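Accompanying notes for the structure given below.
Residue numbers (my numbering): -14 to 125.
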């Protein structure tokens, strides 16, 4: 069983850096809302009968969900507006206050129209950690 912690916030920003393996230049920052991130330690059980219970750290993993505002004039799937599709590689910053944020590189697993509130449609995005590790907020 993997150790995991859940973090969330009301606002963030993401930047698609490649679309289906093709770099996007210049990449546009897109505002996000209602983000949630589950960070997993993936600790491995290496217990044995001689030494007893023992766990060692595995490779860090994370899953991310967030929403993007959508309107036909600002379609986030168009390259000019961010180029976000499934298989896009994104850099995501999830803010927990005005200056502190979690950051990581993710690959989009799912994207599609989500909820509509007062005439505004949101895209729901689900992504998995693509590479590296999650950068945690730094406090003085």
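All C-beta atoms in this analysis are idealised placements derived from N, C-alpha and C, irrespective of residue type, glycine included.
It should be emphasised that the depicted structure is a prediction, and the values quoted were computed from it without experimental measurement.
CB-CB length for residue i against residue j, believed under 8 Å
| i | j | result |
| --- | --- | --- |
| residue 45 | residue 25 | 7 Å |
| residue 89 | residue 114 | 6 Å |
| residue 21 | residue 50 | 5 Å |
Simplified DSSP state of residue i, which is helix, strand or coil
| i | result |
| --- | --- |
| residue 122 | coil |
| residue 103 | coil |
7 Å Cβ cutoff, residue i in contact with chain C
| i | result |
| --- | --- |
| residue 89 | Here there is only one protein chain, and chain C is not present. |
Nearest residue (CA-CA) to residue i, options the options
| i | options | result |
| --- | --- | --- |
| residue 120 | 77, 1 and 39 | 77 |
| residue 52 | 96, 118, 104 and 123 | 96 |
| residue 2 | 75, 50 and 38 | 75 |
| residue 43 | 117, 104, -6 and 70 | 117 |
| residue -5 | 16, 55 and 8 | 16 |
| residue 176 | 86, 54 and 27 | A query on residue 176 cannot be resolved here, the shown segment of the chain reaching from -14 to 125 and no further. |
| residue 19 | 70, 91 and -1 | -1 |
| residue 8 | 70, -7 and 48 | 70 |
Checklist entry - Enumerated in chain order, which unbroken segments of the beta strand (DSSP E) with a length of 3 residues or greater are wholly contained in the segment 22 to 87? => result 46 to 55 and 74 to 80
Next on the checklist: For the pair the segment 30 to 44 and the segment 94 to 112, tell me if three or more CB-CB distances fall below 8 Å.
Outcome noted: no
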